[in-house]
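For the numbering used here, count along the sequence shown from 1 and bump the result up by 987.
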Amino acid sequence: MKTELPVLPTSSLPPLYAAWVDELLGGAIPPETEATCDDCAMLAPEIAPRGSAEYFNPATKCCAYVPMLPNFLVGRLLNDRDAAAAQGRATVVAR
């Protein structure tokens, strides 16, 4: 006998976050409709003088760009180079 599994709605968030964010917002986050992936604004236009601005590599675009964003308090602590935070940072790194 085959057991059919329920089809769950997709989410742009990992399951750990999707559950509480969906509850908080009263539903799933709507899909992105304003992205310019097909006409990337960060690729150099053909008429741009070489070196005139900072653009993404056309082979990778912004999809491969990972900004430095501390993950809540732990990420902030790990990113903080202040000597006053050194002891707390060391205990987190040791874990």
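Glycine residues also receive a C-beta, built at the ideal position from the N, C-alpha and C atoms.
Alpha carbon to alpha carbon, how far is Gln1074 from Asn1058? Your numbering for residue 1074 matches position 87 in the sequence shown. Your numbering for residue 1058 matches position 71 in the sequence shown. Taking the straight line joining both Cα atoms gives about 19 Å.
Can you give me the start and stop residues for the alpha helix (DSSP H) that Pro1002 sits inside? Here residue 1002 corresponds to residue number 15 of the sequence shown, with the count starting at 1. Element bounds for Pro1002: Pro1002 to Leu1012.
Contacts around Ser998, its chain only, beta-carbon distance under 6 Å, and the 5 residues preceding and following it disregarded: As a working mapping, residue 998 is identified with position 11 in the sequence shown. Excluding five sequence positions before and after Ser998, the CB atoms of its chain that fall closer than 6 Å to its own CB belong to Ala1005 and Ala1015, given in chain order.
Minimum C-alpha distance to Tyr1042 - residue among Met1029, Glu1033, Ala1081 and Val1079: Residue numbering aside, residue 1042 sits at position 55 when the sequence shown is read from its first letter. Cα-wise, what sits closest to Tyr1042 is Met1029.
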